[in-house]
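Heads up, the final residue of the sequence shown is numbered 824 in the working numbering, and it's a clean run with no missing numbers.
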Amino acid sequence: MESKETIRAAKVLILAGGILLIGIVMGFILSGNLSFSPASQAREAATPAVNSLDSPFTQIADKTLPAVVTIETKRTVDGGNYPQYNFEGPYGDFFKRLFPDQPNQQQQRPKTQQRVPSSGSGFIFTKDGRILTNNHVIRDASDITVILNDKRKFKAKVVGADPSTDVAVIKIDGDENLPVVPLGDSEDVRIGDWAVAIGNALGELSGTLTVGVISGKGRTNLSIVGGAPAYQDFIQTDASINFGNSGGPLLNIRGEAIGINTAINPSGEGIGFAIPINMAKHISGQLIAHGRVTRGWLGIAPQELTPELADSWGLRNVSGVLVGSVNSNTPADSAGFQVKDVITEFDGRKVSDVQNFRLLVADTPVHKRVRVHVLRDGHPQDLWVRMGERPEENKLGQRNTPPTEILGLSVEPVTGDFAKDNNVKEKTGVVVTDVG
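In structure tokens:
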């Protein structure tokens, strides 16, 4: 009996052990399957990750190229006189027979006119066909043709142009739903951001896209071949900007225009410049509404507040501009500005330097009443001024005491008294009297 029960107990134990062993094995198998799941998911997730490596610039191209245009212009210029040849001397008869139609020294053909073609770029920014470009692209053009990326051609008319910023607006009459380049905010641009330039490179390679980064902001005092604009606040980029790209858009990574490509370094060192789109918005709005640009005006000559000068006046860590002179019968004169006032804030905005101050003044609406914070003999003071309108360039010389004004600067000859009073050795030259 005991042996049978022992055998039965042994069988039960063996069966239980077998079940336990099977459970352990299944546990390992199940736990092994669970450990593969994350790896499997990772491999599956890797497939879309490969697609995400596609260049983001292809999307920018798809989005904006249809609205980037080539602008072809024709200018009528004087061809000049034919050169005069002297067919006298021992070989005169020979040359007269060889060139029978050439005038001799006593003859002169009338001036001729020629139509000179040129090309640039631009981009549509309203669905009804308004296009942003550079003033120098369409300046003096007698005929303007716009070519879209799909090869459609339109005649264009000038809405308005502003040489002082090199911004122009032209318009084509086409579809009521033309493609557009969305406008961004150039205030948000940071050095190191991606930058994409599109345009009609070299005048014949339309739709050329180049990529770089924003390499600088607030560039001023640039000398540009063909005439530098008076108001400068350029964005600098190393995205390749070639001849013919002028007027095309500089884009951010979202495909928004943050600038108008304007100038290049002709030495080819990877430096290009674009007008900030916020400046272009301000100018184009006035051109569309009025056909011209009006600018605020104070009538003072601001000067840089150098660290040395600030220290000598006990104005350490103060940024602003120094009032060098106040023209009589101007808004600044009426508001009580004085020589040696230090302007630190204009209409609620900090003043950093002369160029920044000039832009703030110019962008302020005419007749607006503005609070200007100044330091007078080191003491803070607020002045209220009603903005005047900056005279047009062709009217600047019509004052009773006309200074010479070029590119927004008023200058007068250096006199002996001025040189003596200001300890200036040079007795010839000019002094800047007004840039505000």
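Backbone N, C-alpha and C define an ideal beta-carbon position, used for all residues, glycine too.
Legend entry - Own chain, CB closer than 6 Å to Q786, minus 5 neighbours either side, in chain order: Since pLDDT at Q786 reaches only 36, below the 50 mark, its modelled position is unreliable, and the value read off the structure follows with that caveat. Nothing listed; no residue qualifies.
Inset, instruction - State the beta-bridge partners of G647 as determined by DSSP. - result: DSSP, once it has assigned bridges, lists L638, P664 as partnering G647.
Inset, instruction - Could you check the C-alpha separation between R737 and K669 for me, to the nearest Å? - result: About 20 Å.
Legend entry - From G517, I579, L590, residue whose alpha carbon lies closest to that of D563: D563 has its Cα closest to that of G517, out of G517, I579, L590.
Inset, instruction - State yes or no: is the C-beta of D621 within less than 8 Å of the C-beta of G606? - result: If you check the CB distance, D621 and G606 come in under 8 Å.
Inset, instruction - Hey, could you find the ends of the beta strand (DSSP E) K545 is sitting in? - result: It spans 541 to 550 - the beta strand (DSSP E) in which K545 sits, taken as one unbroken run.
Inset, instruction - Inspect the beta-carbon positions of V525 and G635 and report whether they are closer than 8 Å. - result: Yes.
Inset, instruction - Please state if the CB of L610 and the CB of A651 are separated by a distance shorter than 8 Å. - result: Result yes, Cβ atoms of A651 and L610 sit closer than 8 Å.
Inset, instruction - Tell me whether the beta-carbon of A455 lies closer than 8 Å to the beta-carbon of Y619. - result: Contact: no.
Legend entry - alpha helix (DSSP H) segment containing F445, residue limits: That run of the alpha helix (DSSP H) goes 444 to 452.
Legend entry - Beta-ladder partner(s) of W685, from DSSP: DSSP lists G776 as the beta-bridge partner residues of W685.
Legend entry - Reference D550; option with closest CA among R683, F745, S603, G647: Taking only the C-alpha atoms, the option nearest D550 is R683.
Inset, instruction - Apply the 10 Å Cβ neighbour rule to S530 and answer buried if 16 or more other Cβ atoms are within range, or exposed otherwise. - result: S530 comes out exposed.
Legend entry - Where G708 falls: helix, strand or coil (DSSP): Residue state, collapsed to three classes: coil.
Legend entry - Continuous beta strand (DSSP E) stretch holding D516: start and end: It is not in any beta strand (DSSP E) - D516 carries neither H nor E in the DSSP assignment.
Legend entry - Residues near H755 by beta carbon distance below 7 Å, same chain, minus five either side: Hits under 7 Å: R774, M775.
Legend entry - Segments of 4+ residues assigned as alpha helix (DSSP H) that fall wholly inside the segment 705 to 762: Complete alpha helix (DSSP H) runs here, min 4: 719 to 723, 742 to 750.
Legend entry - Alpha carbon of S713 to alpha carbon of A723, nearest angstrom: Distance between the alpha carbons of S713 and A723: 14 Å.
Inset, instruction - Identify, in the order they occur along the chain, each residue of the same chain with its Cβ nearer than 8 Å to the Cβ of D770, setting aside the five sequence neighbours on each side. - result: Closer than 8 Å at the Cβ level, and outside the excluded window around D770, lie R759, V760, H761, V762.
Inset, instruction - Could you check if Q429 is buried or exposed, using at least 16 other CB atoms within 10 Å of its CB as the buried criterion? - result: Legend: pLDDT at Q429 = 32, less than 50; position of this residue unreliable, value from coordinates given subsequently. When all chains shown are included, Q429 counts as exposed.
Inset, instruction - List the DSSP bridge partners of I459. - result: I459 pairs with G508, V534.
Inset, instruction - Please look up how many angstroms separate the CB atoms of P637 and A645, rounded, as I've assumed it's under 8 Å. - result: About 4 Å; that satisfies the 8 Å criterion.
Legend entry - Run of the alpha helix (DSSP H) containing S700, from where it starts to where it stops: That run of the alpha helix (DSSP H) goes 695 to 700.
Legend entry - Option nearest A698 by Cα separation, candidates D554, V504, T732, L597: The residue with the shortest Cα to Cα distance from A698 is T732.
Inset, instruction - Decide if L566 is buried, meaning its Cβ has at least 16 other Cβ atoms within 10 Å, or exposed. - result: By the neighbour-count rule (16 or more Cβ atoms within 10 Å), L566 is buried.
Legend entry - With 16 other Cβ atoms within 10 Å as the buried cut-off, status of D554: So D554 counts as buried.
Legend entry - Sheet register partners of L571 (DSSP bridge): For L571, which the question treats as bridged, DSSP gives the partners A645.
Inset, instruction - Starting from the C-beta of F631, find all residues in its chain whose C-beta is less than 8 Å away, skip the five residues before and the five after it, and write them out in chain order. - result: Cβ within range, chain order: A589, L590, G591, I652.
Inset, instruction - For T452, collect the residues of the same chain with a Cβ closer than 6 Å to its Cβ; drop the 5 residues on either side in sequence, then sort them by chain order. - result: Around T452: V569, G643.
Legend entry - N-terminal and C-terminal residue of the beta strand (DSSP E) that N588 is part of: First-last of the beta strand (DSSP E) with N588: 582 to 589.
Inset, instruction - Indicate the three-state DSSP secondary structure (helix, strand or coil) for D576 in the structure shown. - result: D576 carries a helical assignment under DSSP once its states are collapsed to helix, strand and coil.
Inset, instruction - Can you have a look at I671 and say buried or exposed, based on whether 16 or more other CB atoms are within 10 angstroms of its CB? - result: Result: buried.
Legend entry - Distance between N522 and P617 (C-alpha atoms, nearest Å): For P617 and N522, the gap between their C-alpha atoms comes out near 11 Å.
Legend entry - Reference I641, options P695, D573, N715, I629, closest by Cα: Nearest C-alpha to I641: D573.
Inset, instruction - Go through its chain and collect everything with a Cβ distance to G679's Cβ below 6 Å, but skip five positions before and after it. - result: Excluding sequence neighbours, G679 sits near G548.
Inset, instruction - Decide if S700 is buried, meaning its Cβ has at least 16 other Cβ atoms within 10 Å, or exposed. - result: Per the 10 Å Cβ criterion, exposed.
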